[in-house]
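Below: one structure, written as structure tokens.
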Amino acid sequence: MKISIQINEGPYQHQASDTAYQFAKAAIDKGHEIFRVFFYHDGVNNASRFTLPPQDDRNVVNQWAELGIKNADGEPELVVCIAAALRRGMLDESEASKNGIDGNNIHPAFRISGLGQLIEAGIQSDRLVVFGD
Amino acid sequence: MAIKKFMYLNRKASYGTVYAIESLEVVLIAAAFEQDVSLAFVDDGVYQIVEGQNTDGIGMKNFSKTYHALGDYDINKLYVSAESLEERGLTEADLMPLVYEDEDDDWAEKPSIKVVSNADLTKIMSEQDVCLSF
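Heads up: the protein sequence lines correspond to chains E and U, in order. Residue numbering for the first sequence follows the working numbering, beginning at 5 and increasing consecutively. Residue numbering for the second sequence follows the working numbering, beginning at 48 and increasing consecutively.
Structural data, given as structure tokens:
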């Protein structure tokens, strides 16, 4: 089955991202395809490459990165909503330079894109599963 | 591209958290994909479409007028939970008069809001292909 996931909450504050990760991992292990994971609302914070949890805790961002969810062209399918990201200070290199900001924090296993990617995931997938409050 | 039935389920009030406005942003983008779109308002989500919102005292953007634009985007199925209204002492008369122009009926202006029981809403929800919950 082709599955997409929407994550609406940030890491550590809320279990949504952890549960979604466990779900995605189990689905892949069972032979399903994760078409796309879309990060929205505070969920965009799951893409920060500056995340540094204590050593005895899981790294939520790296866990997602290690799943290596990509499309046939090798582009990451961990997609961060651009509008939600920018208003929360989450920038990739291109948005940082476009806006004259001297840093960027999106992990390279993720990419920034528009809300259309969420709708497209809903259209293309057999199931869209939403994690959040 | 196949047409699917998308429902946007709104469960939170407008300004206490970001869910309402960011849900509306998704709905407006979704309109461009020419899918069969409906919205549901349940629990505190019914407050999103209450008439006469005023954000002057809280320094936040009043985005309630945007709901009036939904009709122009062919989004005209707005289901409101009767139980959620009643639990909050609200009636349909407290909601914004949201309308659309029916192209199959000489562009007659018709109400977009339908107050339905939770039982009916459950049935409508079960007929959807995709339900996004905010």
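All C-beta atoms in this analysis are idealised placements derived from N, C-alpha and C, irrespective of residue type, glycine included. These numbers come from a predicted model, not from an experiment.
Neighbours of U:Ser-180 in chain E, taken as residues whose beta carbon is under 8 Å from its own, are Val-134, Gly-136 in chain order. Taken residue by residue, none of the segment 107-119 of chain U has a beta-carbon sitting less than 8 Å from a beta-carbon on chain E. Within chain E, the residues Ile-127 have their CB atoms less than 7 Å from the CB of U:Ala-49, given in chain order. With fewer than three CB-CB distances shorter than 8 Å, the segment 66-76 of chain E does not count as touching the segment 91-101 of chain E. By the neighbour-count criterion, in which 16 or more other beta carbons inside 10 Å mark a residue as buried, U:Ile-50 falls on the exposed side.
Rounded to whole angstroms, U:Asn-123 and E:Arg-62 show a C-alpha spacing of 45 Å. Counted as a single uninterrupted DSSP element, the alpha helix (DSSP H) harbouring U:Met-172 occupies residues 165-173. Contact between the segment 131-148 of chain U and the segment 60-70 of chain U is not established, with fewer than three Cβ pairs separated by less than 8 Å.
Spanning the alpha carbons of E:Gly-136 and E:Val-84 requires a straight line of approximately 15 Å. Chain order gives the chain E residues near U:Val-177 as Gly-126, Leu-132, where near means a beta carbon separation below 7 Å.
Assigned with DSSP and collapsed to three states, E:Gln-10 falls in strand. Any Cβ of chain U closer than 9 Å to the Cβ of E:Gln-10 would place that residue at the interface, and such an atom is present.
For E:Lys-102, the uninterrupted alpha helix (DSSP H) segment begins and ends at 97-102.
Listed along chain E, the residues sitting closer than 7 Å to U:Val-65 by beta-carbon distance are His-45. In the structure shown, U:Ala-155 adopts extended strand secondary structure according to DSSP, grouped into three states. In terms of Cβ geometry, E:Ser-129 and E:Phe-39 form a close pair [threshold 9 Å]. Put simply, the backbone Cα of U:Ser-159 is about 29 Å away from that of U:Ile-105. In this chain, the alpha helix (DSSP H) harbouring E:Lys-29 covers 20-33. For E:Leu-90, the closest Cβ of chain U is not nearer than 9 Å. The beta-bridge partner set that DSSP reports for U:Phe-88 consists of U:Asn-57, U:Val-127.
In the three-state scheme derived from DSSP, where H, G and I count as helix and E and B as strand, U:Lys-112 is classed as helix. The residue among E:Ile-116, E:Ile-32, E:Gln-19, E:Tyr-44 with its C-alpha nearest the C-alpha of E:Lys-6 is E:Ile-32. Taking C-alpha positions only, E:Gly-14 is separated from U:Asp-153 by approximately 48 Å. Shortest Cα-Cα distance from E:Ser-52 to any of E:Val-134, E:Gln-121, E:Gly-126, E:Asn-109 involves E:Asn-109. Here E:Gly-118 is near E:Ala-87, since their CB atoms are less than 9 Å apart.
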